[in-house]
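> Using the numbering used here, read the sequence shown as starting at 1351 and increasing by one per residue. A virtual CB, placed ideally from N, CA and C, is assigned to each residue, including glycine.
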Amino acid sequence: MLNNDLRMSGKAGEHDRRDSHTPGNRFLGRVVACSGSRATIAAVAEQGGTDLTELWSVGRLISISVGRNRVVALVYQMNTGSHAWGEGEDNKFRIETELLGEVRVDEDGREEFSTGISRYPHLGAIAHRIRAADLMRIYDAGTGTTAVIGKLTQDESIDAAIHIPSMLSKHFAVVGSTGVGKSTAVSLLLHKAIVADPKLRVLILDPHNEFAAAFPKHAVTIDTDTLDLPFWLMRLEEFAEVVFRGRPPAPEELDMLRDIMPEAKRAFRGSDNSLVRRTTEKSSITADTPVPYRMADLLALIDERIGRLEGRGEKPFLRSLKMRLIAAINDPRYHFMFSNNTISDTITDTIAQIFRIPGDSRPICTFQLAGIPSEVVNSVASVLCRMAFEVALWSDGAIHMLVVCEEAHRYIPSDPNLGFIPTRQAIARIAKEGRKYGVSLGIITQRPGELDQTILSQCSTLFAMRLANDRDQEIIRSAIPNSSISTTSFISSIGNGEAIAFGEAISVPMRMRFSRVAENLLPKAASANKHSEEDPDTVDLRKIVTRMRAVTVGPDISNFQQSVAASIPSFDEAQETGEGFETNPVIPPAPASAPLESYRRELLPQAPRLDPAEPAPIDPRLDALRRELRREEPVFPRPAPPADQPPVVRREPGTSLRESILKKPLSSLYNKD
1351 MLNNDLRMSG
1361 KAGEHDRRDS
1371 HTPGNRFLGR
1381 VVACSGSRAT
1391 IAAVAEQGGT
1401 DLTELWSVGR
1411 LISISVGRNR
1421 VVALVYQMNT
1431 GSHAWGEGED
1441 NKFRIETELL
1451 GEVRVDEDGR
1461 EEFSTGISRY
1471 PHLGAIAHRI
1481 RAADLMRIYD
1491 AGTGTTAVIG
1501 KLTQDESIDA
1511 AIHIPSMLSK
1521 HFAVVGSTGV
1531 GKSTAVSLLL
1541 HKAIVADPKL
1551 RVLILDPHNE
1561 FAAAFPKHAV
1571 TIDTDTLDLP
1581 FWLMRLEEFA
1591 EVVFRGRPPA
1601 PEELDMLRDI
1611 MPEAKRAFRG
1621 SDNSLVRRTT
1631 EKSSITADTP
1641 VPYRMADLLA
1651 LIDERIGRLE
1661 GRGEKPFLRS
1671 LKMRLIAAIN
1681 DPRYHFMFSN
1691 NTISDTITDT
1701 IAQIFRIPGD
1711 SRPICTFQLA
1721 GIPSEVVNSV
1731 ASVLCRMAFE
1741 VALWSDGAIH
1751 MLVVCEEAHR
1761 YIPSDPNLGF
1771 IPTRQAIARI
1781 AKEGRKYGVS
1791 LGIITQRPGE
1801 LDQTILSQCS
1811 TLFAMRLAND
1821 RDQEIIRSAI
1831 PNSSISTTSF
1841 ISSIGNGEAI
1851 AFGEAISVPM
1861 RMRFSRVAEN
1871 LLPKAASANK
1881 HSEEDPDTVD
1891 LRKIVTRMRA
1901 VTVGPDISNF
1911 QQSVAASIPS
1921 FDEAQETGEG
1931 FETNPVIPPA
1941 PASAPLESYR
1951 RELLPQAPRL
1961 DPAEPAPIDP
1971 RLDALRRELR
1981 REEPVFPRPA
1991 PPADQPPVVR
2001 REPGTSLRES
2011 ILKKPLSSLY
2021 NKD
């Protein structure tokens, strides 16, 4: 927190001395030009000395005396008129500044900073080095609800503070190139936020699995091994994103899903077996209703439609849809959606685990997305963002939600044709309406130019770290108020851990440096926490390949797969229905087996040989195969067929069965007796 006596004048010292022209004072120059937002100051370096010029630098604040008040200005450009420097002679130079506000002195001597300017500087007004007390007044965001997050770059003895409620209620963003310290800054902001707001619950969409190390005592980690996100929680578009593996869904198959999913949900609830069918219940359940249902029921309903006599035109689409569903069920990477734990109605447990209700002193949930298949990440992010909004909406203000999107340009790209539309809509709803219901949004990205500008404009507090791309810098300039547009002129050259903060949570744009975070609280990827003794020469590639194939990852879902397999007709049943439809058998994942032994020839089965000189006997089946390949007739006679059995038509090599039949005489196809 900042000092409570900031509104009163500080003790005058050498650095706070007013308009005196003696050496060592704060006098810098005089105003020679002024407009509504900028002022030009002229100064002289006597005898080629640099004592005065050392007090000037781009990005520093100065004050201009206007009566009893002091106008605060930011330096953004300096130059000499001749663009040269004369040794041993007076050098005149000019400083371009941007007016930010003024420190007003009331009748009772009380001093207060305001972003408005009541009196502009006049020509000849004296410019001074700014007082330390004025700096503290400028960056004081208020008492009781502020949090210190670092130090001012201009004066490291002064704290950089932000107003936490303003930052959360109107969203915030942290932008910067890779490696400048965005994750560390976000972890610092979240630590301050959970202390300031006990009702706050934080959900971090962590694509790199790095935030778990930053909150060892305040967060729970959810990954693919501990996640049970039921497939029935997804809406139709989100579920289609999973089934079609990120590709645009076929319209016919999507319409079939829309019709069949409500029937599967009613079958799970048992409404179809009741004597009285409630029309209101049937009409209230849609494909988007988060009601449990079984995949076995869904597949059975598809088989029922395939077996109908009518609607032959839709049967190819039904078969294709069925194959897609079976492939998703059998994929071990999707075990968090189709495991046995997701069949029953577990929505309460899922919400309690993800959104920390109750928190048990751990209000942060780091949702690790690195192990989730890329084609499912968008659907999972859409479900989480949508549920976060609804939980805060229906809690009537009892819960404050904060959704932090790391690498946000993945979910909400600037191109409307890219990305997943439900995810974009869920995040946009939080950005536009979340403030009314207690839902906040935190955006983290290294490419603000690739981010949806509508959503970025909803973030009222922005921490801009070093950005090298010109387009990204232009996006930040467009977001900064016009009165502080020159602040971004040096955004490409600030150091690591340094940022330019502006917006609702900061009274005046400030260049600051984030506080250092303890070594054990730094965000780091999960692989960075493990110090393996192996090296590239000794690493076991088989383990890596096994993890890539996800063979041994996740719980056993064989019971669930067997229930699905029971609903699939066999090959003979499919032939009886006249469909001629072949289905691949559902094979449960094989358990991990022991490593194979090396090949030993003596273990192979060998026929006993009585005489070493006698050649080994030839298997009759192998001999028949060889003769067939050589187009030779076998030496042993074929047994005659029984009298009551019609002769068997054998296909000639290289011809189809139909052609073989047509070449045979008609009399050979029936029994003459």
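Figure out for me which residue from Ala1742, Ala1617, Met1606 and Tyr1643 has the closest Cα to the Cα of Leu1665.
In the sequence shown, counting from the first residue as 1, residue 1665 sits at position 315. Reading off the sequence shown, one finds Lys at residue 1665, where the question assumed Leu. Ranking the options by Cα distance to Lys1665, first place goes to Met1606.
> Along the chain, which unbroken stretches of the beta strand (DSSP E) at least 3 residues long are found entirely within the stretch 1838 to 1876?
Complete beta strand (DSSP E) runs here, min 3: 1848 to 1853 and 1860 to 1864.
> Rounded to whole angstroms, how far is the Cβ of Gly1725 from the Cβ of Arg1595, which I believe are closer than 8 Å?
Looking up residue 1725 in the sequence shown gives position 375. Looking up residue 1595 in the sequence shown gives position 245. For the sequence presented, residue 1725 should be read as Glu rather than Gly. Going by Cβ atoms, the distance from Glu1725 to Arg1595 rounds to 5 Å, so yes, they are a contact pair.
> If we ignore side chains and look at the alpha-carbon of each, how far apart do Asp1890 and Ala1720 end up?
The count along the sequence shown starts at 1 and reaches residue 1890 at position 540. The count along the sequence shown starts at 1 and reaches residue 1720 at position 370. In a straight line, the C-alpha of Asp1890 is about 22 Å away from that of Ala1720.
> Would you kindly check if the distance between the Cβ of Arg1410 and the Cβ of Val1316 is under 8 Å?
One cannot answer for residue 1316 here, as it falls past the ends of the chain, which runs 1351 to 2023.
> Assuming Ala1477 and Ile1414 form a contact by the criterion Cβ under 8 Å, report the distance between their Cβ atoms to the nearest whole angstrom.
Residue numbering aside, residue 1477 sits at position 127 when the sequence shown is read from its first letter. Residue numbering aside, residue 1414 sits at position 64 when the sequence shown is read from its first letter. With 8 Å as the limit, Ala1477 and Ile1414 qualify as a contact, their Cβ atoms being about 5 Å apart.
> Give the secondary structure of Ala1924 by DSSP, where H, G and I count as helix, E and B as strand, and everything else as coil.
Counting from 1 along the sequence shown, the entry for residue 1924 is found at position 574. In this prediction, Ala1924 scores a pLDDT of 45, lower than 50, which makes its location untrustworthy; no coordinate-derived value is stated.
> So, helix, strand or coil for Gln1427, using DSSP?
Here residue 1427 corresponds to residue number 77 of the sequence shown, with the count starting at 1. Residue state, collapsed to three classes: strand.
> CA-CA distance, Arg1444 and Asn1870?
To locate residue 1444, count along the sequence shown from 1; it is residue 94. To locate residue 1870, count along the sequence shown from 1; it is residue 520. Roughly 48 Å between the two C-alpha positions.
> Spatial neighbours of Gln1504 within its chain, please: C-beta separation below 8 Å, excluding the five flanking residues on both sides.
The residue given as residue 1504 occupies position 154 in the sequence shown. Excluding sequence neighbours, Gln1504 sits near Gly1409, Arg1410, Leu1411, Leu1485 and Arg1861.
> Would you please state the rounded distance, in angstroms, between the beta carbons of Asp1440 and Val1381? I believe it to be under 8 Å.
Counting from one through the sequence shown, the residue named residue 1440 turns up at place 90. Counting from one through the sequence shown, the residue named residue 1381 turns up at place 31. Going by Cβ atoms, the distance from Asp1440 to Val1381 rounds to 19 Å, so no, they are not a contact pair.
> Using C-beta distances below 8 Å, list every residue in its chain close to Glu1462, excluding the 5 sequence neighbours before and after it, in chain order.
Working through the sequence shown from its first residue, we reach residue 1462 at position 112. Here the set comprises Arg1357, Val1453, Arg1454, Asp1456 and Arg1487.
> Measure the alpha-carbon distance for Val1570 versus Ala1383 and round it to whole angstroms.
The residue given as residue 1570 occupies position 220 in the sequence shown. The residue given as residue 1383 occupies position 33 in the sequence shown. C-alpha separation (whole angstroms): 58 Å.
> Ordered along the chain, which non-local residues of its own chain (more than five positions away) have a Cβ less than 6 Å from that of Gly1853?
Residue 1853 sits at position 503 when you count from the first residue of the sequence shown. Contacts found: Ser1810, Thr1811 and Leu1812.
> Out of curiosity, what's the CA-to-CA distance linking Ser1537 and Ile1508?
Start at 1 with the first residue of the sequence shown, and residue 1537 comes out as number 187. Start at 1 with the first residue of the sequence shown, and residue 1508 comes out as number 158. One C-alpha to the other measures close to 22 Å.
> Where does Asn1419 sit, in a helix, a strand or coil, going by DSSP?
Your numbering for residue 1419 matches position 69 in the sequence shown. If DSSP states are grouped into helix, strand and coil, Asn1419 belongs with the strands.
> Quick test of your reading: Leu1550 and His1750, contact by CB under 8 Å. State the CB separation rounded to the nearest angstrom.
Position 200 of the sequence shown holds residue 1550. Position 400 of the sequence shown holds residue 1750. Contact holds; Cβ gap of about 5 Å.
> Hey, how far is the Cα of Ala1855 from the Cα of Ala1523?
Counted from its first residue, the sequence shown places residue 1855 at position 505. Counted from its first residue, the sequence shown places residue 1523 at position 173. About 12 Å.
> Let me check understanding here. Comparing Cα to Cα, which of Asp1490, Ser1790, Ala1748 and Pro1763 lies closest to His1521?
Within the sequence shown, residue 1521 is the residue found at index 171, counting from 1. It is Ser1790 whose Cα lies nearest to the Cα of His1521.
> If Ile1805 sits next to Ala1814, beta carbons under 8 Å apart, how far is it from one beta carbon to the other, in whole angstroms?
Position 455 of the sequence shown, counting from 1, holds the residue named residue 1805. Position 464 of the sequence shown, counting from 1, holds the residue named residue 1814. Not confirmed; about 16 Å, so no contact.
> Whole angstroms are fine: how far does the CA of Ala1483 sit from the CA of Gly1466?
Taking the first residue of the sequence shown as 1, we reach residue 1466 at position 116. Taking the first residue of the sequence shown as 1, we reach residue 1483 at position 133. Distance between the alpha carbons of Gly1466 and Ala1483 is about 19 Å.
> With DSSP run on the structure shown, which of helix, strand or coil describes Pro1601?
Looking up residue 1601 in the sequence shown gives position 251. Three-state DSSP puts Pro1601 in a helix.
> Skipping 5 residues on each side, what residues in its chain have a beta carbon closer than 6 Å to that of Thr1403?
Mapped onto the sequence shown, residue 1403 falls at position 53. So the list reads Ala1395, once near-sequence residues are dropped.
> Indicate whether the contact test is met: 3 or more Cβ pairs, each with one atom in the stretch 1553 to 1566 and one in the stretch 1581 to 1601, closer than 8 Å.
Short answer: they don't touch.
> Under a Cβ-count criterion, where at least 16 other Cβ atoms within 10 Å of its own Cβ denotes burial, should Asn1406 be classed as buried or exposed?
Translated into positions along the sequence shown, residue 1406 becomes position 56. Looking at the sequence itself, residue 1406 is Trp, so the reference to Asn does not match. Result: buried.
> Grab the span of the alpha helix (DSSP H) containing His1685 for me, first residue to last.
Stepping through the sequence shown from its first residue, residue 1685 is reached at position 335. That run of the alpha helix (DSSP H) goes His1685 to Phe1688.
> Between the Cα of Ser1516 and the Cα atoms of Arg1797, Asp1885 and Gly1792, which residue gives the shortest distance?
Counting from one through the sequence shown, the residue named residue 1516 turns up at place 166. That would be Gly1792, whose Cα lies nearest to the Cα of Ser1516.
> Since Gly1784 is in the alpha helix (DSSP H), which residue starts that stretch and which ends it?
Along the sequence shown, read from residue 1 onward, the residue named residue 1784 stands at position 434. Residues Ile1771 to Tyr1787.
> What residues in its chain sit with their C-beta under 8 Å from that of Ala1818, if we drop five residues either side in the sequence?
Numbered from its first residue, the sequence shown carries residue 1818 at position 468. Hits under 8 Å: Ser1527 and Ser1842.
> Residues bridged to Gln1397 by DSSP?
Residue mapping note: residue 1397 aligns to position 47 of the sequence shown, counting from 1. Answer is none; Gln1397 lacks a bridge partner.
> Does DSSP put Asp1647 in a helix, in a strand, or in coil?
Your numbering for residue 1647 matches position 297 in the sequence shown. The answer is helix: DSSP assigns Asp1647 an H, G or I state.
> Just mark Glu1783 as buried or exposed, buried being the case when its beta carbon has 16 or more other beta carbons within 10 Å.
If you number the sequence shown from 1, residue 1783 lands on position 433. Its Cβ having fewer than 16 others within 10 Å, Glu1783 is exposed.
> Looking at the structure shown, is Arg1520 part of a helix, part of a strand, or coil, going by DSSP?
Along the sequence shown, one-based indexing puts residue 1520 at 170. A small correction: the amino acid at residue 1520 is Lys; Arg does not occupy that position in the sequence shown. Of the three classes helix, strand and coil, the one that applies to Lys1520 here is coil, per DSSP.
> Nearest to Gln1823 by alpha carbon, out of Gly1799, Pro1873 and Ala1563?
Walking along the sequence shown from the start, residue 1823 turns up at place 473. Nearest C-alpha to Gln1823: Gly1799.
> Quick check: His1513 and Thr1534, are their CB atoms within less than 8 Å of each other?
Residue numbering aside, residue 1513 sits at position 163 when the sequence shown is read from its first letter. Residue numbering aside, residue 1534 sits at position 184 when the sequence shown is read from its first letter. No.
> Measuring alpha carbon to alpha carbon, tell me which of Phe1717, Pro1640, Phe1667 and Val1530 ends up nearest Asp1653.
Here the question's residue 1653 lines up with position 303 in the sequence shown. Asp1653 has its Cα closest to that of Phe1667, out of Phe1717, Pro1640, Phe1667 and Val1530.
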